[in-house]
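> One point on numbering: in the UniProt record's numbering, the residue at position 65 of the sequence shown is 65, and numbering is uninterrupted. Below you will find the structure I want to go over with you.
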Amino acid sequence: MQNTAISLIGATFFIALTHAIMPNHWMPFALIGKGQKWSLTKTILITAIAGLGHSITTTLLGFIIAFLGFHITKYAETIAEPLAGIILIVLGITFVIVGRLRHGTHNHNHSKFSDKTIAISLFAMLSSSPCVAALPLFLAASTFSWSTLVLLSIILSATTVSGMLALTTLAYTGVKKIHLCSIEDYEKEIIGGILILIGIISLIVHH
């Protein structure tokens, strides 16, 4: 029994880490942080909040699954995860449209989107996409105790958020080093295109 619990804990850690490496968990934050001229601290804070929302959604579904059964994971995979891809695509299209309108009106003041709107969109994007791979672990842990379920939740949240913060920081630092004027002029269009691409890939992967 003890070996099984240790195995569940190890599996939770590796699944959460692998999930956090997915590009839609950190690249949008680094790109948008650059596009919105956010500081690294602000970018990391918004990433952390979105990551916590993502972890809470996964945990809530995990606890529900522990009571209702494994079949609910089909709902999470077929509806919730594709929704995250759609949000990324809509966000990307918005960036492209605003970038085009800015050039069309010869407005070079590099206006930004509302930080609040962007932050809410990013939060919704991750919160609507739970870590489906981790959900069966909650079902297995339900045969142990509440303390085991809580421990898995803590490990899942800590690993996911830490991984997201580390990768977002690395990506943000790399993006901030790009100072080519020709790229800056089409910054929002490039960011939007990348977000759309990530969203499309997300939809294909979860199709």
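Using N, Cα and C, we set each Cβ at its ideal position, and we do this for glycine too. Bear in mind that the values here come from a model prediction, so they are computed numbers and not experimental data.
In whole angstroms, what separates the C-alpha of residue 7 from that of residue 22?
Their backbone Cα atoms lie some 23 Å apart in a straight line.
> Taking all protein chains shown into account, do 16 or more other C-beta atoms lie within 10 angstroms of the C-beta of residue 180, making it buried, or fewer, making it exposed?
With a pLDDT of only 45 at residue 180, under 50, the local geometry of the prediction cannot be trusted, and no value is derived from it.
> Closest to residue 168 by C-alpha separation, out of 93, 28 and 134, would be which residue?
Residue 168 has its Cα closest to that of 28, out of 93, 28 and 134.
> Span of the alpha helix (DSSP H) holding residue 28?
Start and end: 27 to 35.
> In terms of residues, what are the limits of the alpha helix (DSSP H) holding residue 130?
Looking at the DSSP string, residue 130 is not in any alpha helix (DSSP H), and its letter there is neither H nor E.
> DSSP on residue 144, reduced to helix/strand/coil?
It is coil, neither helix nor strand.
> Taking the beta carbon of residue 67 as the centre, do at least 16 other beta carbons fall within 10 Å, making it buried, or is it exposed?
Looking at its Cβ environment, which holds fewer than 16 other Cβ atoms inside 10 Å, residue 67 is exposed.
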